[in-house]
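Following: one structure in structure tokens, then a few remarks.
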Amino acid sequence: MVTVGHGRLASFLIASLIALSSMLGQTNDSAYEEGEEIYGRIYSGWKWFHVYCYRCHGFDALGSTLAPNLRESIKVLSYAEFLDLVKEGRAERGMQSWKELLDDKQITDIFYYVHARSDKVLPSGRPDEVGEGGGEWTPPGEWVEAMKSVDLSTKMDQESNAEKKVKPKFEDS
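Residue numbers (full-length UniProt numbering): 1 to 173.
Laid out in structure tokens, this is it:
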């Protein structure tokens with residue numbers, strides 16, 4: 001009788017461990033997939049940066065005599081401000097508008113790339129060559145989590161929401 005009870009307990013514990021390890025595997029897979037997605041966005045941002053921004057903003061977004069160090073600039077810009085700035089340019093400072101050449105996704109990828117450089121989580125160089133052993137770089141999990149909290153709403157979204165919040169409601173007298 002005692003062995004049957006222990007057998008059931010052992011079976012229960014084994015089944016519980018299998019279920020728990022399955023759930024933990026899903027969590028790790030999910031975190032891995034998020035890291036892979038962010039890596040893809042950053043790699044894409046690196047490519048777009050080197051096609052359109054590098055000439056003025058320099059290697060690794062460090063700036064040049066023509067344009068500022070974006071690793072510093074990004075620290076004071078919201079996503080909406082960055083998106084608007086890239087799309088509209090700054091004619092008074094010699095920056096052209098990029099809205100005809102870059103769509104919102106490409107600009108967002110550049111935003112992620114510049115943030116990774118600014119936050120010093122992405123080493124200097126190509127993201128596919130600066131990782132362990134000269135391979136792909138892996139975004140740190142805590143940085144990926146922090147980037148999830150970045151407000152990616154656009155200026156238009158913010159203005160629309162602001163209008164909704166401050167629009168007075170008039171009652172009939």
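Even for Gly, the Cβ is constructed at its ideal location relative to N, Cα and C.
Taking one C-beta from the segment 33-44 and one from the segment 124-140 each time, how about it: are there three or more such pairs within less than 8 Å? At 8 Å Cβ cutoff, the stretches touch.
Range of the contiguous alpha helix (DSSP H) that encloses V121: It is not in any alpha helix (DSSP H) - V121 carries neither H nor E in the DSSP assignment.
When you compare only the Cα positions, how much space is there between L152 and V51? Looking at the two C-alpha atoms, the distance is approximately 23 Å.
According to DSSP, is R41 helix, strand or coil? Correct three-state label for R41: helix.
Kindly identify the DSSP beta-bridge partner or partners of residue 187. Residue coverage of the chain in this structure runs from 1 to 173, which leaves residue 187 outside it and unanswerable.
Spatial neighbours of I107 within its chain, please: CB distance less than 6 Å, with the 5 preceding and 5 following residues excluded, ordered by chain position. Cβ within range, chain order: L83, V86.
Using the Cα positions of L102 and Q96, report the straight-line distance between them to the nearest angstrom. Cα to Cα, L102 sits roughly 12 Å from Q96.
What three-state label does DSSP hand L83 in the structure shown? In the three-state scheme derived from DSSP, where H, G and I count as helix and E and B as strand, L83 is classed as helix.
Check T154 in the structure and name its three-state DSSP category. Under the three-state reduction of DSSP output, T154 falls in the coil class, being neither helix nor strand.
Cβ-Cβ distance between R117 and R71 below 8 Å: Going by beta carbons, R117 and R71 fall inside the 8 Å limit.
Is it right to say V76 is buried, meaning 16 or more other beta carbons lie within 10 angstroms of its own, or is it exposed? The residue is exposed, with fewer than 16 neighbouring Cβ atoms inside 10 Å.
Thinking C-alpha only, which one of S149, E88, Y43, V121 is nearest P140? Checking every option, the nearest Cα to that of P140 belongs to V121.
Between S78, L62, G89, which lies nearest to P123 when the distance is taken from Cα to Cα? Residue L62 holds the alpha-carbon nearest to the alpha-carbon of P123 among S78, L62, G89.
Give me the Cα-Cα distance between T65 and G135, rounded to the nearest whole angstrom. C-alpha of T65 to C-alpha of G135: approximately 32 Å in a straight line.
For L102, which three-state DSSP category applies? DSSP, reduced to helix, strand and coil, places L102 outside both helices and strands of the structure shown, so it counts as coil.
For the alpha helix (DSSP H) containing V144, list its first residue and its last residue. First-last of the alpha helix (DSSP H) with V144: 141-148.
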